[in-house]
Structures are given as C-alpha cells and as structure tokens.
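Accompanying notes for the structure given below.
Residue numbers (the numbering used here): 388 to 807.
Following this line, the structure appears as structure tokens:
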C-alpha cells in the first residue's frame with residue numbers, strides 16, 4: 388500500500404510568496420496543467436471566461452488557499468495534518484506541539500511548511516487562516532482563544548474542555564470576537580448516524596419518548612487515554628460522543644436531570660479515579676428518558692479496536708435501532724493485528740471498522756474523522772452549512788457528562804444546567 392504521508396502527495400512551490408501558493412497544484416496534476424496552459428494560451432477569450440466562471444463558482448478559494456495550523460501532534464493531530472496536507476484547497480501546513488521533536492517528525496511526515504514547539508508562534512503566522520486544536524483535552528482553552536482573537540476559524544477536538552471554567556472562557560472569547568468555532572464530535576460523521584439524523588429531520592419517529600446509547604471498549608485503549616490525561620475519563624472523553632448524538636437527534640430538547648451509578652475496579656487499582664462502568668438515566672426537557680452506558684474496562688485482548696456501540700430511539704410513531712458493534716466484519720490472524728490507538732498492542736481477533744476515527748485503506752483514510760476533517764475544510768472554502776457540533780452544543784455535552792460523573796460519585800440526582 389502506498390504511504391499516504393509520502394511527500395509526493397504535495398509539492399510545494401520554490402517561493403513562499405502568496406502568488407506562488409495561490410497557483411499551487413498537486414504534483415500529479417502538472418501534465419494536465421501544462422497542457423491546459425498551452426491550449427488556453429492560444430485563446431485569451433477562453434481564459435477570461437474561465438476566470439469569470441471560477442470567480443462566480445468559488446470566490447473564497449480565489450483569494451488564497453487555506454493555510455492550516457495543526458496544534459498538537461499526537462494521534463488525532465497526526466490524522467488531521469495528514470488529511471489537511473492532501474486536501475486540494477490547502478496550500479500551507481504548519482505543525483505545533485509542546486514537544487518540538489514530535490512537531491518536527493510530523494512536519495517531515497506530512498511535508499509541512501513549518502513546525503514549532505510554540506503553539507502561539509504557529510497560530511500567529513500570517514499564512515495560517517484555519518486552526519485545528521488537537522492538544523490533550525485539558526489544554527484546549529489557550530490555543531482556541533488565541534486563534535479566535537486573531538479571527539481564525541477553529542475546529543477543536545471534543546470535549547471542548549474538561550472544566551466548565553475553561554469552556555466558559557472559550558465561549559466568552561467567541562462572543563467577544565464573533566469568531567468561527569466548531570467541536571470535533573466525529574460520530575456525527577459516521578454514516579449510520581448521519582442516516583439516523585435524517586430520519587429525525589423527517590419526523591419519522593414522532594415524539595421521542597426514550598432511548599439507549601451504550602459503548603464498550605477494551606482497557607488497553609482506556610489506559611492509553613488515562614496515561615495522557617488522568618481527567619479524561621471514559622465518561623468525559625467517550626460517552627460524550629453519545630450524549631452529543633442524542634442531543635443532536637433531540638435538538639431543541641435539552642437534558643435537565645441525571646441519575647447515575649458507577650463501579651470501581653481495575654482503573655482504581657491502577658491509581659486512576661475513573662469508573663470501570665458507568666450507567667446513567669438522563670431526563671430531557673419534554674420528559675424523554677435516555678439510558679447512557681459506558682465501559683472501557685473490557686479485557687485488553689477484546690476484539691474491539693475503538694468503540695462497539697448501540698443506539699436506540701423509541702418514538703410515538705416509530706423506533707430506530709442502530710447496531711454499531713461491528714461484529715459483521717471479524718478478522719482473525721495468527722500474525723496479529725496492530726491496534727491503531729495503542730501502537731505496542733496487538734490482538735489476534737478484531738472487529739474491523741470499530742476504530743473510532745476510521746481506517747487507512749488503499750492509500751487513504753476513510754471513516755468518521757476523515758469525513759469530518761474534509762467536511763470542515765470544504766465548509767471553509769465553499770461556505771456551505773456544516774453539521775459539526777457548535778460550541779453551545781458542546782457546552783451542553785460537557786455539563787451533561789460532568790453531571791453524570793457527579794451523580795455517580797454522590798448517588799444523588801443532578802439538575803442541569805450546572806453552575807460554572
């Protein structure tokens with residue numbers, strides 16, 4: 388399989404001037420470009436017509452290509468950078484990470500134009516006009532706020548923050564600047580959930596009265612997450628995806644009360660505060676009741692490579708069940724199957740398709756995070772509407788998951804919204 392990170396996917400101009408970047412095309416398009424240049428050179432009228440047509444079709448892209456900064460060179464930042472580097476509207480890529488060596492390595496992998504160990508240095512570059520914030524969850528606020536202050540659109544990874552105070556600071560900056568901020572809840576871009584949202588738009592279930600959303604994964608990935616940030620518990624870091632989905636499906640009908648229970652086990656024994664399993668009953672404003680559950684404590688060799696999940700919606704006029712456990716595509720190999728999120732971990736049996744972000748296949752990255760990344764870049768260029776999670780929706784998700792954890796600890800119901 389060809390390496391998607393190979394430099395042949397992008398060829399930078401010799402000069403770094405904006406004119407050169409504006410005219411940049413992928414190396415593989417050079418023969419077609421040269422042919423068209425010669426043919427059109429014989430007909431100035433055709434050139435003028437094409438220029439007018441291009442201006443009408445895409446006035447945003449005419450000004451200059453996207454200059455993308457990726458802040459955070461970890462697993463997700465690496466995917467964002469590799470996808471951005473291949474996008475036809477991206478002409479400049481810069482990488483930042485608190486570990487300069489990691490930033491340099493990712494820059495070399497993606498043939499990026501610039502790298503640094505200083506996040507603000509990259510965000511403030513004049514060539515940058517779009518920012519991915521893919522830092523650890525508890526470090527989102529500073530780079531997001533700086534980009535917004537500079538008028539640069541931002542896609543930040545979920546959750547928007549781990550603390551309500553940080554989330555409030557981000558939303559205050561957004562209000563002051565009038566900026567453009569979206570939050571990366573990539574489950575929205577999984578095809579089964581896009582189809583589900585369409586059924587909700589069409590009103591095929593009637594009024595939703597209840598539902599279920601639960602997700603399982605192995606402890607191998609849970610420990611990798613907790614080692615990165617002990618506060619990124621399965622509830623705050625994973626169940627938040629399904630809170631987001633349910634709130635999206637029930638848009639305009641926010642959660643108002645939570646009752647939750649949790650059970651400690653292997654994570655506490657390893658020195659972490661996370662529960663092995665958490666279940667919650669969430670009541671929405673109109674009385675709908677949804678059961679949320681998460682366990683990231685399954686045996687390390689369990690075949691799930693990311694998320695095995697199930698979502699159910701019960702309505703007055705219909706029912707929708709989404710079986711996303713991925714047991715329909717099972718691979719067994721004596722050679723072992725590498726885990727995309729845990730590099731030193733292998734299994735012999737895998738539920739293919741369960742990797743949360745998606746998968747590399749035949750030279751490209753396919754799946755929810757690929758769809759989400761391309762959709763955001765397309766949105767910036769075309770101005771077309773997008774279904775990315777808004778900051779206000781992300782705040783509801785954060786409040787709900789924090790309330791689930793609070794109720795699980797105290798054993799008491801928790802009302803929403805939470806006080807900052």
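Here a beta-carbon is modelled for each residue, glycine too, at the ideal position from N, C-alpha and C. These figures come from a predicted structure and were not determined experimentally.
Taking buried to mean at least 16 other C-beta atoms within 10 Å of its own C-beta, is residue i buried or exposed?
i, result
"residue 794", "buried"
"residue 452", "buried"
"residue 771", "exposed"
"residue 532", "buried"
"residue 634", "buried"
"residue 506", "buried"
"residue 715", "exposed"
"residue 624", "buried"
"residue 808", "The structure shown does not extend to residue 808, since the chain is modelled only from 388 to 807, so the question has no answer here."
"residue 393", "Legend: pLDDT at residue 393 = 40, less than 50; position of this residue unreliable, no value from coordinates given."
"residue 484", "buried"
"residue 539", "buried"
"residue 563", "exposed"
"residue 725", "exposed"
"residue 779", "exposed"
"residue 710", "exposed"
"residue 460", "buried"
"residue 688", "exposed"
"residue 748", "exposed"
"residue 665", "buried"
"residue 553", "buried"
Report the three-state DSSP secondary structure of residue i (helix, strand or coil).
i, result
"residue 458", "strand"
"residue 640", "coil"
"residue 758", "helix"
"residue 718", "strand"
"residue 544", "strand"
"residue 652", "coil"
"residue 707", "strand"
"residue 465", "helix"
"residue 471", "helix"
"residue 626", "helix"
"residue 691", "strand"
"residue 453", "strand"
"residue 631", "helix"
"residue 801", "strand"
"residue 646", "strand"
"residue 765", "helix"
Measuring only the C-alpha atoms, how far is residue i from residue j?
i, j, result
"residue 651", "residue 611", "18 Å"
"residue 544", "residue 525", "11 Å"
"residue 638", "residue 777", "12 Å"
"residue 659", "residue 568", "32 Å"
"residue 647", "residue 755", "29 Å"
"residue 766", "residue 584", "19 Å"
"residue 677", "residue 600", "8 Å"
"residue 428", "residue 504", "With a pLDDT of only 43 at residue 428, under 50, the local geometry of the prediction cannot be trusted, and the value read off the model is given with reservation. Cα-Cα distance, rounded: 46 Å."
"residue 455", "residue 535", "14 Å"
"residue 510", "residue 727", "28 Å"
"residue 806", "residue 518", "30 Å"
"residue 797", "residue 486", "39 Å"
"residue 608", "residue 685", "10 Å"
"residue 626", "residue 572", "11 Å"
"residue 739", "residue 746", "9 Å"
"residue 463", "residue 757", "11 Å"
"residue 522", "residue 704", "43 Å"
"residue 653", "residue 781", "30 Å"
"residue 475", "residue 656", "49 Å"
Which residues mark the beginning and the end of the alpha helix (DSSP H) in which residue i is found?
i, result
"residue 681", "Looking at the DSSP string, residue 681 is not in any alpha helix (DSSP H); the run it does join, the beta strand (DSSP E), is 676-685."
"residue 476", "Neither: residue 476 is in no alpha helix (DSSP H) and is coded neither H nor E."
"residue 733", "Per DSSP, residue 733 belongs to no alpha helix (DSSP H); it is in the beta strand (DSSP E), 733-738."
"residue 494", "487-497"
"residue 794", "778-797"
"residue 531", "528-536"
"residue 508", "506-510"
Locate the beta strand (DSSP E) running through residue i, then write down its first and last residues.
i, result
"residue 699", "695-702"
"residue 727", "Taken as a continuous stretch (DSSP letters only), residue 727 belongs to no beta strand (DSSP E), as it is neither H nor E."
"residue 667", "664-671"
"residue 501", "501-503"
"residue 517", "517-520"
"residue 748", "746-748"
"residue 808", "Here the chain covers residues 388 to 807 and nothing more, so residue 808 does not appear."
Should residue i be flagged as near chain B, meaning a C-beta pair shorter than 8 Å?
i, result
"residue 618", "Here there is only one protein chain, and chain B is not present."
### Message
Threshold first: 3 residues or longer. Then list the beta strand (DSSP E) segments lying entirely within the segment 554-622, N to C.
### Response
Listed in chain order, the complete beta strand (DSSP E) runs (minimum 3 residues) inside the segment 554-622 are 568-571, 595-605.
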